[in-house]
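Note that the protein sequences, when read in sequence, are chains A and B.
Going left to right, the first sequence walks through residues 156 to 242 as the numbering used here numbers them.
Going left to right, the second sequence walks through residues 156 to 242 as the numbering used here numbers them.
Here the structure comes first, spelled out in structure tokens, and everything after it is commentary.
There are 2 protein chains.
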Amino acid sequence: MNKVWKALDDPTRRRILELLRSGPRSAGELGAEFDMSAASMSHHLGTLADAGLVEREKKGQFVYYELNTTVFQDLLEWILAMKGQDR
Amino acid sequence: MNKVWKALDDPTRRRILELLRSGPRSAGELGAEFDMSAASMSHHLGTLADAGLVEREKKGQFVYYELNTTVFQDLLEWILAMKGQDR
DNA sequence: TAGATATTTAGAATATCTTCTAAATATCTA
DNA sequence: TAGATATTTAGAAGATATTCTAAATATCTA
């Protein structure tokens with residue numbers, strides 16, 4: 156969970172996740188949405204992948220990234236526990 | 156929301172929130188649970204308060220901290236949107 | 001009031017994070 | 001195969017975060 160919280164603590168990475176809601180996108184396609192070098196984008200994508208929030212799939216010369224929604228379950232439970240205050 | 160994500164990206168602060176689930180506690184009571192100076196604890200509590208995740212109330216020489224669960228609603232919605240993938 | 005206790009603020013040291021450029025690797029196409 | 005495109009890796013600069021000690025502020029109690 157530590158890596159998940161870390162990964163989510165960055166506006167660029169959260170925006171990447173939001174973009175991926177509409178389906179898988181390549182590193183280049185994602186990068187086109189940001190004013191940032193491809194290397195920096197790759198770094199962010201690596202952070203998200205490390206945390207398990209996205210999965211990568213190489214297709215020819217492109218690398219596609221896709222949301223992995225299963226990881227959000229733990230987050231959700233933590234937050235629900237906080238909201239519920241033990242209930 | 157930026158400050159909220161930032162505040163949650165630290166194990167000490169998340170643990171503080173978990174401790175507060177059982178009710179308000181003073182800075183000193185919270186500090187006793189960690190191997191950390193009172194000054195550092197105060198810093199973390201300030202970060203949580205800035206993000207709106209806790210509220211402070213001074214009572215005599217003590218300062219009590221209490222969970223503010225309303226802030227978790229936005230987080231919850233963001234995560235549910237991610238899990239739902241637009242559905 | 002003086003001293004003790006609780007907490008915060010100030011300032012500094014160290015570690016971590018974000019971003020960059022340059023270079024490396026992989027794949028595609030003429 | 002050579003060159004073009006896509007992506008990642010390496011290494012460094014600058015910004016931000018975490019923690020500490022020392023000192024400041026507020027409140028309590030003898």
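Glycine residues also receive a C-beta, built at the ideal position from the N, C-alpha and C atoms.
Q) At a cut of 8 Å, does the segment 167-178 of chain A reach the segment 187-197 of chain A through at least three beta carbon pairs? A) Between the segment 167-178 of chain A and the segment 187-197 of chain A, the count of Cβ pairs shorter than 8 Å is three or higher; the stretches touch.
Q) So, is the C-beta of D229 (chain A) closer than 8 Å to a C-beta in chain B? A) Mapped onto the first sequence, residue 229 (chain A) falls at position 74. Chain B, which has no Cβ nearer than 8 Å to the Cβ of D229 (chain A), makes this no.
Q) So the beta strand (DSSP E) V218 (chain B) belongs to, where does it begin and stop? A) Position 63 of the second sequence, counted from the start, is the residue given in the question as residue 218 (chain B). Following the DSSP letters along the chain, one finds V218 (chain B) inside the beta strand (DSSP E) bounded by residues 217-222.
Q. So which residues of chain A does K161 (chain B) contact, with C-beta pairs closer than 8 Å?
A. Here residue 161 (chain B) refers to the residue found at position 6 of the second sequence. What K161 (chain B) touches in chain A: D164.
Q) What three-state label does DSSP hand E210 (chain B) in the structure shown? A) Walking along the second sequence from the start, residue 210 (chain B) turns up at place 55. If DSSP states are grouped into helix, strand and coil, E210 (chain B) belongs with the strands.
Q. How would you write the range of the alpha helix (DSSP H) that P179 (chain A) sits in, first residue to last?
A. Position 24 of the first sequence holds residue 179 (chain A). It is not in any alpha helix (DSSP H) - P179 (chain A) carries neither H nor E in the DSSP assignment.
Q. Counting contacts by CB-CB distance shorter than 8 Å, is R211 (chain B) in contact with chain A?
A. Here residue 211 (chain B) is taken as the residue at index 56 of the second sequence, counted from 1. Taking a beta-carbon distance threshold of 8 Å, R211 (chain B) does not count as an interface residue toward chain A.
**Q.** Per-residue burial, F227 (chain A) [other beta carbons within 10 Å of its own, 16 or more giving buried]
**A.** On the first sequence, position 72 is the one that residue 227 (chain A) refers to. In the assembly as shown, F227 (chain A) is a buried residue. Its beta-carbon has 16 or more other beta-carbons within 10 Å.
Q: May I ask you to report which of helix, strand or coil DSSP gives R168 (chain A)?
A: As a first step, residue 168 (chain A) is located in the first sequence; it is residue number 13 there, counting from the start. Helix at R168 (chain A).
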